[in-house]
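> The following block contains the structure, expressed as structure tokens.
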Amino acid sequence: MLLTILAVLAAPAPKYPVATIAPALRENAHAVVRAYDEVVTVKSASQLVNTVHKVVTVLDGAGSDSYGQLVIEYSALNRIGYLRGAVYDANGLLLHQLRAAEVHDQGVGSADGSFMTDVRVRYADLRQPSGPYTVEFDYEIVSDNTLFYPSWQPQHAENVALEGATLQVTTPTSLPLRYHEQLLPPGAASAPVVAGAQTTYRWQLPAHPAVDEEPLAPPLSTLLPAVRLAPAAFEVQGYKGSLASWQSLGQWVYQLGQGRDQLPPAVAAKMAQLLVEAPNPRDRARKVYEYVQSTTRYISVQLGLGGWQTAPASSVASGGYGDCKALSNYTCALLKAAGLPAYVALVKAGRDQADVRQEFPSSQFNHVILCMPLAAHGTAPADTVWLECTSQTDAFGYMGSFTGNRHALLLTPEGGRLVATPRYAAQANRQQRRTDLWLTADGGAKATVRTKRVGLAQDTYAQLLHEGDPEQQKRYVSNRLPLSHFTITSLRLAAGPATDALPSVNETLGLELSGLATPAGQRLLLEPNLLGRLAALPAQVGARETPLALPPAALYQDTVRLHLPTGFKIDNLPAPTELSTAYGTYRSTCATLPDGTLQYVRQLELRRPNGSTPLPAAKYPEYQDFRRKVNQADHTQLVLVKHEA
Amino acid sequence: MALGLLAGPALAQSKQPAPIKFGQPDPADFEAKNFVADSGAAAVVLCDYGTTRFGSPTGEMRVIHERLVRLKILKKAGYDYATVEVPLYHREGDAEKLSNLRGFTYVRGADGKLVRTKLEAANIFVEKRTDRVTIQKFTLPAVQEGAVVEYAYTVTSSFLSDCPDWEFQRDIPTRWSEYRTTLPRFYRYKFLFHGYQPLAVNEEGAGSVQLILAHHTGMSGAFDSGSSGISVNTEDHRWVVRDAPAVRSEPFITTPADYVTRIDCELAGEQWPQQEYRDLTETWGKMNELLRRHQSFGQVLEHDNFLQASVEPLTLRYPDFGERALAVRELVLKNVKYDGANRLFTETPLKRTWEQHRGTSADVNLLLLAALRQAGLSAEPLILSTRTHGRVVQEYPQLDQFNYVVALVALPDGKELLLDATEPLLPAGVLPRRCLSRLGHTVPRQGEGRWVDLAPGASYVHFQDVKMALDAQGNLTSQVQNQFGGYAGLETRGKLSELGEKKFITELASQHPSCEIPAYTFEGVADLNKALGLRYTLHQTAATPGTAQELFVSPLAVFGEGSNPFKLATRNFPVDFGMTQQEIISLTLTLPPGYVAELPKPAVLVLPGQGGRYVYSASSPAPGTVQLMSRLTLDKPVYTPEEYHALRELYRQMLAKQAEALVVKKAG
């Protein structure tokens, strides 16, 4: 009896038993974050220490891969102090303590698009064969790169609930903390506490059930509570800076690059020569850009401070390659030598990427481009030209979906300045298509399809044109044709004229479509909108929770000419459809031309009434209705009947 | 010929000069007219030249592999070929070292002069990728369209029994690829040729090399020549493949590596002076002996006492050996998670795997074997190569052909059971899809073992029974009963566990624009030995509202595949599904009162060589009722490229029949 009691006393208390999770948190959840306690200690302007205590209960197999293991990045400027872990069963009893030998260390290779980087990862795997189980991880990162302070977002993915989380930041009072709070519930923040020369800030989050990702929703990371941190003053590798404003951040990056724009004399002379050859500044800039595109390429080497400081222009001149910073800096130097002043600009690049948080100056960028003001010349008015220096094929002055429609930070001798990059509306994201369809009596057809894509609509096709060989082009196009069966008889992609205001790609496609029209007794059924159908949205289950993020504005124009087989005529000429809503307009018509050919014309313009700002969730049914009507009209069917001779 | 041992090489008449020399580009490679035929390619390998020999450069014997590559960059898309990564392995004191790395980029200027830019040492990087692999990487300077890039290096290795393999083909065209070996006769190699390109040169000769053999050289350890240099006879080979096209992946294949023309080198034996020939992996018997004694394979099975407490209750509870085997597999499945890595050898002792609850496929399945034996069952390892690892060549007892092990259990009634404990969603006796690579080889307690057909114990079966009602407005309401059997059950259970029921159904409904699924139930999700059932109600709203005199209805359309998976008209590699398949839709349509339907024509399509068939029928068993049946049967797991056209056509016709519309109109 006594022995039993002793044994009970001696056993460690269970940790995080599953039974204590509130039922509401288990609903719709693969995992529950039991604790996410982050402590940030600013040691000095040049060093901070970040510790994380993270406990997650994995409820089922679908949560296992994401939460049963841990991957931490580190690099030359961020080292891992320690990494500890343990796993507990559903009752909270220790199953296994992570051993040092079970923590793996690995280079990331070219996984992040770099040719060479000092970023590495350590990872630990505590996944269990069956749930529920709980993993506990503790780690510390010591950072010598105080340009970046950590962000705290304990819940950021779908189907994961949060039981509770805390954030504590301690900083010398002389180094005040800057922070940005996103969607915090009331009472999450506490007033800072000053003790001696240190100030401590605290936040906490209460329990929150799991959320679902819905179609056309903004990223969940923008919809859940977060605190983002940034320094006022910082120092990296001896370079002191301030993040008090965009101006000061720009100043710091500008300084890093100073004196790195020296060109070899021969190259400088070549550029100076352009002053004579091309007196028109736009033509001259174009020549410089063409020179860069034909003699350099993108190779990313990110080592230590090299992640932020450009390589010298001379090294790009000799090696013919560099990363985005180096190629922009080099191009800037070339333009300067050709009498064209330009500015290097930082940008947060990426398709459908949210714009920078303008109200919170901090390092939010991942890419570098060039911005060149052009003075008026002759009849041409003054203009601003933006250049992507890492692409060997992009059109002169074109930003596209990678860097357009957002803000960039110009680096000027006076410091940074946030300015808008080019805006691309529906006309600059358009697709025009002309299809000729020759139908045979057995329902088969031959088709010629000519598609012109302009602006944003050509971005992926331009890439396909320049980077894919004919085999890859054919495969890409094949995988996207919305037809049940087809054979491509010819395919040609070609770039439109380089002098057009916007780049375009023309696609000419030959198709053989056996069994295109569906037989129905003695008739043939055919949807004349062969390729331009817009999918409807999935049916909404329950009430819409999240805001509505619409795709970029776009314009689609389709003309289909249907050449009927001899002896056939149209049984029913479909009535025209016309829709006009805040989300876009739609018009389709069918007409018989004098020569007996049927002509189907469709125009769809998709709008974003609120720009890139999401619409309230309540608007979803309205938008869904618009898409359903468009989809219905897109499936207009023709009935063809054979004449009785 | 696709695969086989190299036989009957011609004897080399004389030593051939190297096909190219470093630093001496060919002016012809700067003439555009010489690349007209390659207009589609981003770059072309002009010459890839490798040699492997033995030497004693620093007083100790080493394998010396030299490589010289010259490429023509045709387009900007080909710039990536100017960036090179060389992996170097090291393990327990043995290492590969790279030296003498050099490179040039040649560009012909507007003035016709050749400009050469040197690869600078500052632009050569080393990345420690893992504990065992270091990557040496470099990118050539001043690359532009039309440039010729060239690089060369030497890898010196103390892994004395590893002669590097050679690939003659890549994802860009290769004009000339040449590999030469000069190997001392005390190591006997076998060379295994894979692929579809013929060898333009296949020569064998003899020579000699001066080597310093240190005391420890030789696996037997008995040989002693001091440190003096001696002359050793060599066996010399030279292989060339010319004008090899680019190799590209296609859908439904195992791995593109199965189709790359290459030579694999495997040490077969050792013949040291004054010693008997030591046969290494020449026979399956010897290979199995090695596996049985291997400390990360056979030896781990000896330490199984820790399993006794867990296994004994099962032994007592299940007198029937078949049931007991399944119970043991359940035990392992419940206690150990497969971490996704496919291995032949264990990473840790079985006891550690058991305590960690996690391991590679080898950790998990050798643990299963140990537990099966502990339970008194007759079980032996069956080694195989996963689909992405590549096909096993039966003629060749080569250990590195294998990367996976499962358990083969012999039951008293003479039946055999293949067991794997990595996939909790699979019933016992059905191997994961990654294992369906045709053949595996047993490792019995004694003897050389035998081949076992991995023909899957299940096929991919999807059955849909639909009761559909049409109203006079053209709206359709269906009660759909799905059965996902065999591998279809695995696939659907996997998707269901990943997405959850709600998302699964949303995704199903969103495949068709006008569909709604107001009610559904899953059946038998946990009973892996039965098909997974899914019952749901489906509403399809008519496109045009109002009552029509004549309705066109394609009842099967939403239940079929929708589009032909074989998009391209031509095919280079076999279509390897891994398993046989059946897709059956049985549909009963009830017409609105007073309506009749014109029935479509039946169809029967048969693949040549008993490869399978498609059957479609339409009938009217009672007035106002239409019965449709669509049945696809694919009886082969693999179809040759010659059969591709027929397979694609079968799918086309099936899709056409599934899309066909019934004309429904008012009677009279």
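Which chain is which? The protein sequence lines are A and B, in order.
Its first residue numbered 1, the first sequence is counted upward by one per residue in our numbering.
Its first residue numbered 646, the second sequence is counted upward by one per residue in our numbering.
Note that beta-carbon positions come from the ideal geometry of N, C-alpha and C, so glycine has one too.
(1) For Phe568(A), which residues does DSSP report across the bridge?
(2) Count the C-beta pairs between the region 978-997 of chain B and the region 959-967 of chain B that are closer than 8 Å, then say yes if the count reaches three, no if not.
(3) Would DSSP call His1157(B) helix, strand or coil?
(4) Assuming Pro231(A) and Leu175(A) form a contact by the criterion Cβ under 8 Å, report the distance between their Cβ atoms to the nearest whole angstrom.
(5) Between Asp683(B) and the rest of its own chain, which residues show a CB-CB distance below 7 Å, the 5 nearest in sequence each way excluded?
(6) Could you tell me the distance, in whole angstroms, from the CA atom of Phe568(A) to the CA atom of Glu527(A)?
(7) Could you say which of Tyr424(A), Val40(A) and Pro132(A) lies nearest to Tyr88(A) if we only look at CA atoms?
(8) For the pair the region 1173-1187 of chain B and the region 1154-1165 of chain B, tell me if three or more CB-CB distances fall below 8 Å.
(9) May I ask you to report which of helix, strand or coil DSSP gives Phe680(B)?
(10) Measuring only the C-alpha atoms, how far is Arg893(B) from Pro219(A)?
(11) For Gln432(A), I'd like the list of residues in its chain whose CB is within less than 6 Å of its CB, leaving aside the five on either flank, ordered along the chain.
(12) Could you name the residues of the same chain whose beta carbon sits closer than 7 Å to that of Ala1020(B), not counting the 5 residues immediately before and after it, in chain order?
(13) Where does Ala375(A) land, buried or exposed, given buried means 16+ other C-beta within 10 angstroms?
(14) Consult DSSP for Ala313(A) and reduce its assignment to one of helix, strand or coil.
(15) Please report how far the alpha carbon of Thr801(B) lies from the alpha carbon of Pro1042(B), in whole angstroms.
(16) Quick one: does the C-beta of Tyr476(A) sit closer than 6 Å to a heavy atom of the ligand COA?
(17) For the region 107-132 of chain A, which residues have a CB atom closer than 7 Å to at least one CB atom of chain B, in sequence order?
(18) Whole angstroms are fine: how far does the CA of Lys773(B) sit from the CA of Asn745(B)?
(19) Determine, using beta carbons only, whether His53(A) comes closer than 7 Å to chain B.
(20) What runs of the alpha helix (DSSP H), each 4 residues or longer, lie entirely inside the region 404-478 of chain A?
(21) Using the three-state DSSP reduction, which class does Asp105(A) fall into: helix, strand or coil?
(22) State the start and end residues of the unbroken alpha helix (DSSP H) segment that holds Thr1033(B).
(23) Assuming Gln1298(B) is part of the alpha helix (DSSP H), what are its boundary residues?
(24) Taking Gln427(A) as the reference, give the member of Arg607(A), Thr51(A) and Gln47(A) with the closest Cα.
(25) With three or more beta-carbon pairs closer than 8 Å as the criterion, would you say the region 1108-1128 of chain B touches the region 1199-1214 of chain B?
(26) In chain order, what residues of the region 610-629 of chain A put their CB closer than 7 Å to some CB of chain B?
(27) How close, in whole Å, do the beta carbons of Thr998(B) and Asp1008(B) come, if the pair is a contact with beta carbons under 8 Å?
(28) Below 7 Å between beta carbons: does that hold for Arg480(A) and Arg1003(B)?
(29) Closest Cβ-Cβ distance between Gly1134(B) and chain A: below 7 Å?
(30) At which residues does the beta strand (DSSP E) containing Leu370(A) begin and terminate?
(31) In chain A, which residues lie less than 9 Å from Leu1300(B) when you measure between Cβ atoms?
(32) Quick one: which unbroken beta strand (DSSP E) runs of 3-plus residues sit fully inside the region 907-936 of chain B? Chain order, please.
(33) With a threshold of 6 Å on Cβ separation, who are the neighbours of Ser865(B) within its own chain once the five nearest residues in sequence on each side are excluded?
(34) Taking all protein chains shown into account, do 16 or more other C-beta atoms lie within 10 angstroms of the C-beta of Gln1226(B), making it buried, or fewer, making it exposed?
(35) In this structure, how does DSSP classify Trp308(A) when only helix, strand and coil are distinguished?
(36) Could you give the residue range of the alpha helix (DSSP H) that holds Ala633(A)?
On the basis of the coordinates in this document:
(1) Answer is Lys642(A), bridged to Phe568(A).
(2) Output reads no: the region 959-967 of chain B does not touch the region 978-997 of chain B.
(3) Correct three-state label for His1157(B): coil.
(4) Between Leu175(A) and Pro231(A) the Cβ distance is about 7 Å, and since that is below 8 Å, they are a contact.
(5) Result list for Asp683(B): Val689, Leu719 and Pro818, in chain order.
(6) Looking at the two C-alpha atoms, the distance is approximately 16 Å.
(7) Checking every option, the nearest Cα to that of Tyr88(A) belongs to Pro132(A).
(8) The region 1173-1187 of chain B is in contact with the region 1154-1165 of chain B.
(9) Three-state result, Phe680(B): helix.
(10) Distance between the alpha carbons of Arg893(B) and Pro219(A): 35 Å.
(11) Correct list, in chain order: Lys452 and Gln557.
(12) Correct list, in chain order: Val956, Leu959, Thr960, Arg969 and Val973.
(13) Flag for Ala375(A) reads exposed.
(14) Looking at Ala313(A) - three-state DSSP - the assignment turns out to be helix.
(15) Cα to Cα, the separation comes out at about 27 Å.
(16) In the structure shown, the ligand COA is absent, as is every other ligand, since no ligand is present at all.
(17) Cβ contacts with chain B: Gly107, Gly109, Phe115, Met116, Asp125, Arg127, Gln128, Pro129 and Ser130.
(18) Distance between the alpha carbons of Asn745(B) and Lys773(B) is about 20 Å.
(19) Under the Cβ criterion of 7 Å, His53(A) is not counted among the residues facing chain B.
(20) Taking only runs of at least 4 residues, the alpha helix (DSSP H) segments lying wholly in the region 404-478 of chain A are 459-467.
(21) Assigned with DSSP and collapsed to three states, Asp105(A) falls in strand.
(22) Taken as a continuous stretch (DSSP letters only), Thr1033(B) belongs to no alpha helix (DSSP H), as it is neither H nor E.
(23) First-last of the alpha helix (DSSP H) with Gln1298(B): Pro1286 to Ala1304.
(24) For Gln427(A), the closest alpha carbon among the candidates Arg607(A), Thr51(A) and Gln47(A) is that of Arg607(A).
(25) Yes: the two stretches touch, three or more of their Cβ pairs being nearer than 8 Å.
(26) Residues of the region 610-629 of chain A that bring their beta carbon within less than 7 Å of a beta carbon in chain B are absent altogether.
(27) At roughly 4 Å, the Cβ-Cβ gap stays under 8 Å, so Thr998(B) and Asp1008(B) are in contact.
(28) Not closer than 7 Å, so no.
(29) Answer no: the Cβ-Cβ gap between Gly1134(B) and chain A never drops below 7 Å.
(30) Going by DSSP, Leu370(A) is part of the beta strand (DSSP E) stretching over His367 to Leu374.
(31) Ordered by position in chain A, the residues that pass the 9 Å Cβ test against Leu1300(B) are Ser484, His485 and Gly515.
(32) Within the region 907-936 of chain B, the complete beta strand (DSSP E) runs of at least 3 residues are 907-915.
(33) The pLDDT assigned to Ser865(B) is 41, lower than 50, so where the model puts this residue is not dependable; a value taken from the coordinates is nonetheless given after this. Excluding positions up to five away in sequence, the list is empty.
(34) With 16 or more Cβ atoms within 10 Å of its Cβ, Gln1226(B) is classed as buried.
(35) Looking at Trp308(A) - three-state DSSP - the assignment turns out to be coil, as it is neither helix nor strand.
(36) Here the alpha helix (DSSP H) through Ala633(A) covers Tyr620 to Asp634.
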